[in-house]
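Reminder that position 282 of the sequence shown reads as 375 in the working numbering, one-by-one numbering, no gaps. Where is the CB? At the ideal position from N, CA and C, for every residue including glycine.
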Amino acid sequence: MMKRMMMRMIWMVCWIAACPMFAQQRGVEIIGKVQEEATKIAIEQASVRLLSPKDSSMWGGVATKQDGSFRLVNVPDGKYILNISYIGYEPLYRDIQVKGEPVRLGTLMLQEGIQLATAVITGKAPEIVVRNDTTEYNADSFKVAEGSVLEDLLKKMPGVEVDSEGNVTVNGKEIKKIMVDGKEFFSDDPKIASKNLPAKMIDKVQVLDKKSDMAKMTGFDDGEEETVLNLTVKPGMKQGWFGNAYAGYGSHDRYEANAMVNRFYNNDQITFMGGANNTNNMGFSDMASSMFSGMRGGLGSRSAGSGITSSGNGGVNFSKEFNEKVTLGGNTRYSHSDNNAERTSSEQTFLPGDSISYSDNRTISNNRSDNVGFNFRLDWKPDTLTQIFFTPDFGYSRSHSAQTQFTNTRMNNDTLNTSASDVFSDGAGYDVSARLEFSRKLNDRGRVISFSLSGGVSDSYNNEVNYSNTEYLQENSSELIDQHIRYDNRSFNYRAYVSWVEPLGNNNFLQATYSISQQKQESLKNAYTPDETTGEYTVLDTTYSRNYRNNYINQRASLSFKAQREKYNYMIGINLDPSYSRSENFVGDTTLSDLSRSVVNVSPMLRFNYRFNKQTNLRINYNGRTSQPSMTQLQPVEDNSDPLNIIVGNPDLKPRYTNSMNIHFNQFNPQQQRALMAMIGGSFTINDIVSKTIYDGTTGGRRTTYENVNGNYNLNGRLLVNMPLRNKKFSVNTNSMVSFSNTNSFVNGEKNLSKRLNATERAGIDFRSSYLDIGVNGNFSYGLTRNTLQGQNDLNTFNYSAGGYTTIYLPWDIKVESDISWSANSGYAEGYEEKAILWNASLSKSFLKNNQGTLRFKIYDILQQRSNISRTITSSSIRDSETNTLNSYFMFHFIYRFNIFKGGGNDTPDRNRPMHPSRERGFGGPPPHIR
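In structure tokens, the structure reads:
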């Protein structure tokens, strides 16, 4: 008995002695609350992380509750960095020291901006999160093959579309810019990011409507917001060097090589990149294609497009934060492309009286271009009240093209004309511009004065050789064109803008603005024919020569009212737009026309935004805008560059006035991880400007002018839903779209009303587990066209597609990936109806330390059924076309990734093959749990 009591006493003494030690080890708690600075509204689900000041490694983290509060418990003594972040807000960093007592931080405020940090993940993160006007995709939820780039990742995401040229749209809005952790990445060329950034580095893809710099400074929307992607980099990749390189070679001499090296340190970034391939992956936008688009003649004046492209590129992008006041960013880039394309097309033109003309076209083209440019951005905040932005930009392009084209036109089984042309051209040009913006707060209540000054010059030329022959079979005649043409385009522009914001009290504000801009253009086209004596091309051909001098002066005075409330805000305004334009058309010393006009337009604007909560948002935008007809549409002078398509302007055209309204509703349910986005929009145009074409039944040629019409409108709607099933390994998504247009136009000079309906449904279901990822999807699209002038030519078209993908994670770091898609259509012209199955598959093996190296064998288009068929429908015609494209080939790749972080760490686990806690690395399993 005594022995037992003695043992109990010893145990009690030991327990009492150990209590202080346990209490010391247990640590203390850190308590605080997070609110939005502007509205003082609590922020729910904000990410709160406690970081080590030595290497920024995370000690722990939580998410804020509904009232914005958070509590970090069991924090040992020491120094820390507290990081708070939330989508759409600037991250907050605060130094904290724990000394054995609870740390009470009070209320912490977040400022609106682009979120740069990473959310804390517990368990499976939702695929899509919607907060306010920001949609966030979790990149880990969308599986892509080894070595994939951002573009491959985007194609997997609901609501995101990537066309054959690499242009990205999200819910119908084109992406004009891609940012990395809130900083511009190669300025306004989103293809550089989408076609080069490795998918493995991306943690989140955020879609948001980014306000212009001026709108941020004044607090008033100026209508110049743009839809952008902001990519957040994976945790652990922001304190050192990381990058990847891959090289591949395959059948038909196909090759790919690319390398990218990044250094992220605190708020500084630098990226080096370069690559070359002949697999249609041009990593940069082709500036030359837009610069010289209006400086090439010949029949049709269009290249074959698409085709097969060999390209190379290189560039450097950086952002350096010198201190809290000064940040400098910029980039320089070079690209080269060589495109070979061949296109065949068939066009039906519907004429009154049950007549149809048929035109067949075959075009072979080669286009080569070289582009070089640089862009810089200086952000300077001399004090807490002043902001200054300065952005200079320079671009230079050089282009060479060669094109051969054959066409024929038929009507009622009679051939009207045949033509053949050869066009060769060489050109070069540059573009220089700069923008300076300044803003200063004059008091704490919101009085702000701002101004902006911008301008630029451009100069380009193109030398062209044009040889064509057109035979008119019904007239038994022909027309031969043998010319050398010199194009010269020069322009100068400037814009000055000033804004005054006056607070009215109770969170009401008034803004008055004034701007003036001027643009001067000179466009010269001088065609020369051979001298009969010398054979030199020195004789000016006045029939095909056209020179223009244009001068545009635009002013705008606006007055806007803005009200900010806890749940909603709205802005109403009106614009007054006086404008003056003058256009002179001349050849040599002879003036053909000199046209000037002055117009005053008035346009209203309304914006309303209601926040039910942080996850549910409603936005309504309305604006009325006036647009003037172009000088080409006004000039009463014939443009006969293409003898089969003559264009002449109409000096009596009135300005068009367009009313537009868009309604957006976004909702995210955190408990069910369900995202819902709905959009409805429409526009109605008064005095719309449409083309009026008269068809010559004898020659097969067209003569086009322009007219004003009323009654044109369009409506569109879109609904996107993404959610997991009860078993979180399954998720479903659906994307429904419908559009309707009512278009008044002319068919062979007679008025026609065309009603078009398009409906599309896309749906998919995905399953993800430790050892297998699999997904299936389907798409159905229906097009209906009804015309009042020729009912017999009403159209019904159908497009169907279905597909799936699978990824199998095998032992020893081996992965099998495959994707397959089936597509078909009906209602197209004979020879252009399509049924194809596209199947790609790959086998990869990861090796080296931390699986930094991967060998991959991939086969593209195993069944050899790929084609490139498209249809374009207007109220009076249907065009079906087919362009050559990459056929089936296989390729061996070697992919190498490296990460070198502060403190000597390297490489993070492969996100496409998660680890299992009970096995060695390389045998699959669920993703690791992040505290």
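Distance between ALA232 and ASP296 (C-alpha atoms, nearest Å): Counting from one through the sequence shown, the residue named residue 296 turns up at place 203. Counting from one through the sequence shown, the residue named residue 232 turns up at place 139. Between ASP296 and ALA232, the alpha-carbon positions lie close to 5 Å from each other.
Cα-Cα separation between GLY488 and ARG528, rounded to whole angstroms: Taking the first residue of the sequence shown as 1, we reach residue 488 at position 395. Taking the first residue of the sequence shown as 1, we reach residue 528 at position 435. Put simply, the backbone Cα of GLY488 is about 15 Å away from that of ARG528.
Simplified DSSP assignment, three categories, for GLU130: As a first step, residue 130 must be located in the sequence shown, where it is residue number 37. Residue state, collapsed to three classes: coil.
Buried or exposed by the 16-neighbour rule on C-beta atoms within 10 Å, applied to ASN1005: The residue labelled residue 1005 in the question sits at position 912 within the sequence shown. Confidence at ASN1005 is low in this model, with a pLDDT of 38, below 50, so its placement is unreliable and the value that follows should be read with caution. Counting Cβ neighbours within 10 Å, ASN1005 comes out buried, since at least 16 surround it.
Under 8 Å between C-beta atoms of VAL594 and TYR607: Indexing the sequence shown from 1 puts residue 594 at position 501. Indexing the sequence shown from 1 puts residue 607 at position 514. Cβ distance not < 8 Å, so VAL594 and TYR607 don't count as in contact.
Inter-residue CB distance, GLU615 and ARG639 (contact presumed, cutoff 8 Å): Position 522 of the sequence shown, counted from the first residue, corresponds to residue 615. Position 546 of the sequence shown, counted from the first residue, corresponds to residue 639. GLU615 to ARG639, Cβ: 12 Å. No contact.
ILE867 versus PRO817: straight-line alpha-carbon distance, rounded: For the purposes of this step, residue 867 is taken as the residue at position 774 of the sequence shown. For the purposes of this step, residue 817 is taken as the residue at position 724 of the sequence shown. Their backbone Cα atoms lie some 14 Å apart in a straight line.
Per-residue burial, THR881 [other beta carbons within 10 Å of its own, 16 or more giving buried]: Working through the sequence shown from its first residue, we reach residue 881 at position 788. Under this definition THR881 is an exposed residue.
Nearest-angstrom Cα separation, counted from ILE740 out to ARG503: Reading the sequence shown from its first residue, position 410 is the one you call residue 503. Reading the sequence shown from its first residue, position 647 is the one you call residue 740. Going by C-alpha positions, ARG503 is about 21 Å away from ILE740.
Nearest-angstrom Cβ-Cβ length linking VAL121 and VAL168, presumed shorter than 8 Å: Counted from its first residue, the sequence shown places residue 121 at position 28. Counted from its first residue, the sequence shown places residue 168 at position 75. Confirmed, Cβ separation roughly 6 Å.
Whether ILE285 touches GLY400 by CB criterion (8 Å): Against the sequence shown, residue 285 aligns to sequence position 192. Against the sequence shown, residue 400 aligns to sequence position 307. Taking 8 Å as the cut-off, the Cβ atoms of ILE285 and GLY400 do not count as close.
Whole-angstrom distance between TRP905 and VAL354, CA atom to CA atom: Translated into the one-based positions of the sequence shown, residue 354 becomes position 261. Translated into the one-based positions of the sequence shown, residue 905 becomes position 812. The straight-line gap separating the alpha-carbon atoms of VAL354 and TRP905 is approximately 28 Å.
Three-state secondary structure (DSSP) of MET250: Position 157 of the sequence shown, counting from 1, holds the residue named residue 250. In the three-state scheme derived from DSSP, where H, G and I count as helix and E and B as strand, MET250 is classed as coil.
Nearest-angstrom Cα separation, counted from ASN716 out to ASP507: For the purposes of this step, residue 507 is taken as residue 414 along the sequence shown, with counting starting at 1. For the purposes of this step, residue 716 is taken as residue 623 along the sequence shown, with counting starting at 1. Note on geometry: alpha-carbon atoms of ASP507 and ASN716 lie some 50 Å from one another.
Three-way DSSP call (helix, strand, coil) for THR497 in this model: Working through the sequence shown from its first residue, we reach residue 497 at position 404. Correct three-state label for THR497: strand.
Beta-carbon spacing of SER287, GLU244 below 8 Å: Here the question's residue 287 lines up with position 194 in the sequence shown. Here the question's residue 244 lines up with position 151 in the sequence shown. Using a Cβ distance threshold of 8 Å, SER287 and GLU244 count as a contacting pair.
Residues bridged to ASP233 [DSSP beta-bridge criterion]: Within the sequence shown, numbered from 1, the residue matching residue 233 stands at position 140. BP columns for ASP233 are empty, so no partner.
Same chain, Cβ closer than 6 Å to ILE124, neighbours up to 5 away in sequence not counted: Locating residue 124 in the sequence shown gives position 31, where the first residue counts as 1. Around ILE124: ARG164 and ARG197.
Minimum Cβ-Cβ distance from THR626 to chain C less than 8 Å: Included in the structure is just one protein chain, with no chain C present.
Straight-line Cα distance separating SER494 from PHE517: Residue mapping note: residue 517 aligns to position 424 of the sequence shown, counting from 1. Residue mapping note: residue 494 aligns to position 401 of the sequence shown, counting from 1. So the two alpha carbons sit approximately 6 Å from each other.
Where the beta strand (DSSP E) containing SER287 begins and where it ends: To locate residue 287, count along the sequence shown from 1; it is residue 194. Run containing SER287: none in the beta strand (DSSP E); it sits in the alpha helix (DSSP H), 283 to 287.
CB contact flag (ALA656, ASN647, <8 Å): On the sequence shown, position 563 is the one that residue 656 refers to. On the sequence shown, position 554 is the one that residue 647 refers to. No.
Length of the line joining the Cα atoms of PHE57 and THR157: Given that the chain is displayed from residue 94 to residue 1024, the structure contains no residue 57 and the question cannot be resolved.
Where ALA605 falls, given that 16 or more other Cβ within 10 Å makes a residue buried: For the purposes of this step, residue 605 is taken as the residue at position 512 of the sequence shown. By the 10 Å Cβ count, ALA605 comes out exposed.
7 Å CB neighbourhood of ARG538 in its chain, flanking five on each side removed: Within the sequence shown, numbered from 1, the residue matching residue 538 stands at position 445. Result list for ARG538: PRO596, in chain order.
Beta-carbon spacing of SER937, LYS908 below 8 Å: As a first step, residue 937 must be located in the sequence shown, where it is residue number 844. As a first step, residue 908 must be located in the sequence shown, where it is residue number 815. In contact: SER937 and LYS908 (Cβ atoms closer than 8 Å).
Distance, THR311 Cα to SER145 Cα: Counting from one through the sequence shown, the residue named residue 145 turns up at place 52. Counting from one through the sequence shown, the residue named residue 311 turns up at place 218. Distance between the alpha carbons of SER145 and THR311: 37 Å.
Cα-Cα separation between ASN501 and ASP453, rounded to whole angstroms: On the sequence shown, residue 501 is found 408 positions in, with the first residue counted as 1. On the sequence shown, residue 453 is found 360 positions in, with the first residue counted as 1. Taking C-alpha positions only, ASN501 is separated from ASP453 by approximately 6 Å.
Stretch-stretch touch, CB-based, cutoff 8 Å, three pairs: the region 739 to 758 with the region 172 to 179: No, the region 739 to 758 is not in contact with the region 172 to 179.
Contact set for SER234: own chain, Cβ-Cβ below 6 Å, skip 5 residues either direction: Along the sequence shown, one-based indexing puts residue 234 at 141. If the five residues before and after SER234 are omitted, its C-beta is found closer than 6 Å to the C-beta atoms of GLU220, all from its own chain and listed in chain order.
Local Cβ density within 10 Å of LEU246, reported as buried at 16 or more and exposed below that: Taking the sequence shown and counting its residues from 1, the one referred to as residue 246 is at position 153. Classification for LEU246: buried.
Minimum C-alpha distance to GLU417 - residue among ARG426, GLY466, GLU435 and THR479: Residue mapping note: residue 417 aligns to position 324 of the sequence shown, counting from 1. Considering only alpha carbons, the answer is THR479.
With 16 other Cβ atoms within 10 Å as the buried cut-off, status of TYR788: By 1-based counting over the sequence shown, the position of residue 788 is 695. Counting C-beta atoms within 10 angstroms of its own C-beta, TYR788 has 16 or more neighbours from the protein chains shown and is therefore classed as buried.
For GLU244, three-class secondary structure by DSSP: On the sequence shown, position 151 is the one that residue 244 refers to. GLU244 falls in the helix class under three-state DSSP.
Selection from ARG749, SER686, GLY804 and ILE713 that minimises the alpha carbon distance to VAL693: Locating residue 693 in the sequence shown gives position 600, counting from the first residue. Answer by Cα proximity: ARG749.
Status (buried if at least 16 other CB within 10 Å, exposed otherwise) for ILE166: The residue you call residue 166 lines up with position 73 of the sequence shown. Here residue 166 turns out to be Val, not Ile, going by the sequence shown. VAL166 counts as exposed, since fewer than 16 other beta carbons sit within 10 angstroms of its beta carbon.
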